[in-house]
Amino acid sequence: MGSVRPPPGIEELQAWTLQDAAQLRVMRGSLFATVTGQDLVAQFTLGGVADRMVLVATELATNALVTGLPPTTVRLCRCGADFVLDVVDGDVRALPGSAAVEESGNTPLWLRMAQRFSSEVGWYATGSGRHVWARFHDDEHQDDR
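So the sequence shown is numbered by our numbering: it starts at 12 and just counts up by one.
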């Protein structure tokens with residue numbers, strides 16, 4: 012994972028602003044419904060792209076809520092046939108992931124989860140916050156590419 016922006020041409024589909032961990036539940040359900048058109052509780056199986064996105068969004072948002080500055084915004088975007096999750100918080104000083112790994116020698120759980128369940132992970136900072144993003148191949152719609 013390094014300081015790199017997500018692929019160009021992403022289009023935002025939905026965004027959730029979180030002030031605390033209590034709002035994660037609503038974000039997860041809404042994210043799943045936006046991607047699948049179905050209810051999260053009835054359909055979650057950890058088999059599809061939406062399931063993996065819910066897990067990664069939860070991990071990235073939780074890390075931002077715990078280590079960053081509020082608010083935390085979770086953006087669901089589309090890049091061609093792929094999805095991109097972009098999680099941003101207001102802390103422009105701290106860089107996620109690589110700095111934590113270099114200091115401790117251990118990869119944080121949220122980063123391991125993102126790397127395992129997505130096809131690409133990166134981060135970058137702007138004047139207004141730090142972004143951690145993950146890209147997901149939409150396996151269910153590969154024929155649409």
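All C-beta atoms in this analysis are idealised placements derived from N, C-alpha and C, irrespective of residue type, glycine included.
Given the structure is predicted, the values throughout are model-derived calculations rather than measurements.
Taking C-alpha positions only, Leu24 is separated from Ser14 by approximately 24 Å. Judged by DSSP secondary structure, Ala92 falls outside any alpha helix (DSSP H); it is assigned neither H nor E. The Cβ neighbour count for Pro19, taken over all protein chains shown within 10 Å, is under 16; the residue is labelled exposed. According to the DSSP assignment, Val143 belongs to the beta strand (DSSP E) that extends over Gly140 to His148. Here Asp93 has Arg146, Phe147, His148 and Asp149 as same chain residues with Cβ atoms under 7 Å from its own Cβ, once five neighbours each way along the sequence are excluded.
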